Amino acid sequence: MTRPSHGMLHHVEIWVPDLDRAVASFGWLLEALGYTPFQSWSNGRSWRLGATYLVVERSPALTADRHDRCRPGLNHLAFHVEDHRTVEALASEAPWHGWSLMFPDRHPHAGGEQTYAAYLENTDGFEVELVAINPSEPD
Numbered sequence: 167m168t169r170p171s172h173g174m175l176h177h178v179e180i181w182v183p184d185l186d187r188a189v190a191s192f193g194w195l196l197e198a199l200g201y202t203p204f205q206s207w208s209n210g211r212s213w214r215l216g217a218t219y220l221v222v223e224r225s226p227a228l229t230a231d232r233h234d235r236c237r238p239g240l241n242h243l244a245f246h247v248e249d250h251r252t253v254e255a256l257a258s259e260a261p262w263h264g265w266s267l268m269f270p271d272r273h274p275h276a277g278g279e280q281t282y283a284a285y286l287e288n289t290d291g292f293e294v295e296l297v298a299i300n301p302s303e304p305d
């Protein structure tokens, strides 16, 4: 495990309406990005990469049954991805794991011409952005 540095993100906890769906969508994506399963309990799971981990939990204190990224709170999570080929590979496999491509008419430059990214939304309304570290496309 990488030693954390001051100010580094420790963890993110996302409350989800359905744990099985969250494990299927987030679990697939996080493991494809290099995270490994970290913790498991009746209402939640977590995955870790280095010193940072991400939790999905079905809390009994939930007050809604769907995430709304347009309300105050979390809009999306953005992850570095090695290159444009990896962005495309993940985007093409994502529908098999509960994700759909957002902004298909502007893909892969929905974030601007200077970036190469895929914006995905899962069944429960959570958005992730997969951003190529090296955004250059093949000629």
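Residues in the sequence shown are numbered from 167 upward in steps of one, following this note's numbering. For glycine and all other residues, C-beta sits at the position ideal for the given N, C-alpha and C. Every value quoted in this text rests on a predicted model; they were computed, and no experiment measured them.
With contacts defined as CB atoms closer than 8 Å, Y282 and M268 fail to qualify as a contacting pair. CA-CA distance, L175 to I299, rounds to 19 Å. One Cα belongs to W262, the other to A244, and the distance between them is close to 20 Å.
Per DSSP, E197 has no beta bridge partner at all. In the assembly as shown, H172 is an exposed residue. Its beta-carbon has fewer than 16 other beta-carbons within 10 Å. Take the alpha-carbon of L215 and the one of H246: they are about 12 Å apart. The Cβ-Cβ distance between W213 and P203 falls below 8 Å. Per the coordinates, the alpha-carbon of D249 lies some 37 Å from the alpha-carbon of L228.
In this structure, the CA atom of E223 is about 18 Å from the CA atom of N241. In the structure shown, the three-state DSSP call for A257 is helix. Distances from the CA of D234 to each of S302, G291, P301 were compared; the closest alpha carbon is that of G291. DSSP lists no beta-bridge partner residue for S302. Going by DSSP, A284 is part of no alpha helix (DSSP H) but of the beta strand (DSSP E) stretching over 283-288.
Fully enclosed alpha helix (DSSP H) runs of no fewer than 4 residues occupy 250-259 of the stretch 221-265, in order along the chain.
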